[in-house]
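Chemist: Just passing along the structure, written as structure tokens.
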Amino acid sequence: MVLKHLPAESLPREKLINRGSQALSDAELLAIFLRTGTKGMNVLQLADRLLAEFGSLRALFSASQHEFCQHKGLGLAKYVQLQAVLEMSQRYLSERLQRGDGLNSPQHTRHYLLAMLRDRHREAFYVLFLDNQNRVIADEIMFEGTIDAASVYPREVVKRALQHNAASVILAHNHPSGIAEPSQADRRITRRLADALSLVDIRILDHFVVGDGEVVSFAERGWI
Numbered sequence: 001m002v003l004k005h006l007p008a009e010s011l012p013r014e015k016l017i018n019r020g021s022q023a024l025s026d027a028e029l030l031a032i033f034l035r036t037g038t039k040g041m042n043v044l045q046l047a048d049r050l051l052a053e054f055g056s057l058r059a060l061f062s063a064s065q066h067e068f069c070q071h072k073g074l075g076l077a078k079y080v081q082l083q084a085v086l087e088m089s090q091r092y093l094s095e096r097l098q099r100g101d102g103l104n105s106p107q108h109t110r111h112y113l114l115a116m117l118r119d120r121h122r123e124a125f126y127v128l129f130l131d132n133q134n135r136v137i138a139d140e141i142m143f144e145g146t147i148d149a150a151s152v153y154p155r156e157v158v159k160r161a162l163q164h165n166a167a168s169v170i171l172a173h174n175h176p177s178g179i180a181e182p183s184q185a186d187r188r189i190t191r192r193l194a195d196a197l198s199l200v201d202i203r204i205l206d207h208f209v210v211g212d213g214e215v216v217s218f219a220e221r222g223w224i
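According to UniProt numbering, the residues represented by the sequence shown are 1 to 224, in order.
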């Protein structure tokens, strides 16, 4: 069916305007991003096909440039556009944290860390630097490693925390395996960081481990 022949209330753009983005399916949201279909296939049909081929929106969004561009209806222009959208989403979440909003909501902090770290193919160690009101001063990925480990240097974390005049920090890292359960090595490096930071009166408020859709908090486990 040609898209223009569908009832107006069924068109993704009109549905979003009238009912809000949360009312749309994954295929409808993807159709708005794609804008046009291909020969013999309207944009909704194309979106359905792409979701079937990739398996999910997340898999499509985390596909490499080569994987993305080899599918009919996609290409380099769409890949660039998608990367821009994803980066804007991460910056939006980061700005919410930097305004201090996010730390009033543990759930929002989890969403942000999932967006930042979940789909990385290598382990990354991330630090949020906070002032004495627990507002975010700065945030950055300080160390990156292999698919199952990242070397973390407490001296560098202390140095950066002092540069930001931080009163406390929140630590986070991902497990590319998708399993969020902290390892003994995770617990050891957290203790080393806590000991090093305590020498300059900086506290660790929490350490989050990000897996595939799950985030484990050291503070909630009673380990901090």
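For glycine and all other residues, C-beta sits at the position ideal for the given N, C-alpha and C.
Per the contact definition of three or more C-beta pairs closer than 8 Å, is the segment 206 to 218 in contact with the segment 113 to 123?
Modeler: Touching, per the Cβ criterion.
Chemist: Have a look at I17, R13, G73 and flag the residue whose alpha-carbon is nearest the alpha-carbon of G37.
Modeler: What you label residue 37 is simply residue 37 of the sequence shown in a count that begins at 1. The candidate whose alpha carbon is nearest that of G37 is G73.
Chemist: State the CB to CB distance for the pair R120 and N174, rounded to an integer number of angstroms; the pair is presumed to be in contact (CB under 8 Å).
Modeler: As a first step, residue 120 must be located in the sequence shown, where it is residue number 120. As a first step, residue 174 must be located in the sequence shown, where it is residue number 174. So it is a contact: roughly 5 Å between Cβ atoms.
Chemist: For A196, which residues of its own chain have a beta-carbon under 8 Å away from its beta-carbon, when the five flanking residues on both sides are left out?
Modeler: Looking up residue 196 in the sequence shown gives position 196. For A196, where only same-chain residues beyond five positions count, the Cβ hits under 8 Å are P154, R155, V157, V158.
Chemist: Exposed or buried, which one is E220 when buried takes at least 16 other CB atoms within 10 Å?
Modeler: The residue you call residue 220 lines up with position 220 of the sequence shown. When all chains shown are included, E220 counts as exposed.
Chemist: I need the DSSP call for L130, collapsed to helix, strand or coil.
Modeler: One-based indexing of the sequence shown puts residue 130 at position 130. Strand, per DSSP.
Chemist: Quick check: the Cα distance between H164 and H71, rounded to an integer number of angstroms?
Modeler: Residue numbering aside, residue 164 sits at position 164 when the sequence shown is read from its first letter. Residue numbering aside, residue 71 sits at position 71 when the sequence shown is read from its first letter. Going from the Cα of H164 to the Cα of H71 covers about 45 Å.
Chemist: From the DSSP output, which residues share a beta bridge with M41?
Modeler: Numbered from 1 along the sequence shown, position 41 holds the residue referred to as residue 41. Its beta-bridge partners are T38.
Chemist: Return the chain-ordered list of same chain residues with a C-beta closer than 6 Å to the C-beta of A31, the five sequence neighbours on each side being excluded.
Modeler: Position 31 of the sequence shown, counted from the start, is the residue given in the question as residue 31. So the qualifying residues of the chain are P12, V43, L44, A47.
Chemist: Within 10 angstroms of its Cβ, does D201 collect 16 or more other Cβ (buried), or is it exposed?
Modeler: Here the question's residue 201 lines up with position 201 in the sequence shown. Answer is exposed; the Cβ neighbour count stays below 16.
Chemist: What's the gap between the Cα of G102 and the Cα of A150?
Modeler: Residue mapping note: residue 102 aligns to position 102 of the sequence shown, counting from 1. Residue mapping note: residue 150 aligns to position 150 of the sequence shown, counting from 1. Below a pLDDT of 50, predicted positions are generally treated as unreliable, and G102, at 49, falls in that range; the measurement from the model is reported next regardless. Computed Cα separation, rounded: 26 Å.
Chemist: Please give me, in chain order, every unbroken run of the alpha helix (DSSP H) with length at least 4 that falls completely inside the UniProt domain "MPN" (102 to 224).
Modeler: Segments of the alpha helix (DSSP H) lying fully in the UniProt domain "MPN" (102 to 224): 106 to 117, 154 to 163, 184 to 198, 218 to 221.
Chemist: Residue 234 and R160 look like a contact to me (Cβ under 8 Å); what is the Cβ gap, rounded to whole Å?
Modeler: Summary: the structure shown does not reach residue 234, with the chain confined to residues 1 through 224, and so no result is reported for it.
Chemist: Excluding sequence positions up to five away, which residues of its chain have a Cβ less than 8 Å from the Cβ of T190?
Modeler: Taking the sequence shown and counting its residues from 1, the one referred to as residue 190 is at position 190. Excluding residues within five positions, the ones whose Cβ falls inside 8 Å are L171, I204, H207, F218, W223, I224.
Chemist: Taking the alpha carbon of H53 as the reference point, which residue from G40, M41, F68, P182 has its own alpha carbon closest?
Modeler: Indexing the sequence shown from 1 puts residue 53 at position 53. A small correction: the amino acid at residue 53 is Glu; His does not occupy that position in the sequence shown. Closest option to E53, Cα to Cα, is F68.
Chemist: Along the chain, where does the alpha helix (DSSP H) that runs through K72 open and close?
Modeler: Locating residue 72 in the sequence shown gives position 72, where the first residue counts as 1. It is not in any alpha helix (DSSP H) - K72 carries neither H nor E in the DSSP assignment.
Chemist: Since L16 is in the alpha helix (DSSP H), which residue starts that stretch and which ends it?
Modeler: As a working note, residue 16 is residue 16 in the sequence shown. Segment 12 to 19, the alpha helix (DSSP H) holding L16.
Chemist: So what does DSSP say about residue 225, is it helix, strand or coil?
Modeler: Absent from the structure is residue 225, since the part of the chain shown begins at 1 and ends at 224.
Chemist: Assign R118 to buried or exposed, taking buried as 16 or more other Cβ atoms, counted over all protein chains shown, within 10 Å of its Cβ.
Modeler: To locate residue 118, count along the sequence shown from 1; it is residue 118. The residue in question, R118, is buried, as its Cβ has 16 or more Cβ neighbours within 10 Å.
Chemist: Considering just the uninterrupted stretch of the alpha helix (DSSP H) at A59, what are its terminal residues?
Modeler: Taking the sequence shown and counting its residues from 1, the one referred to as residue 59 is at position 59. Here the alpha helix (DSSP H) through A59 covers 57 to 61.
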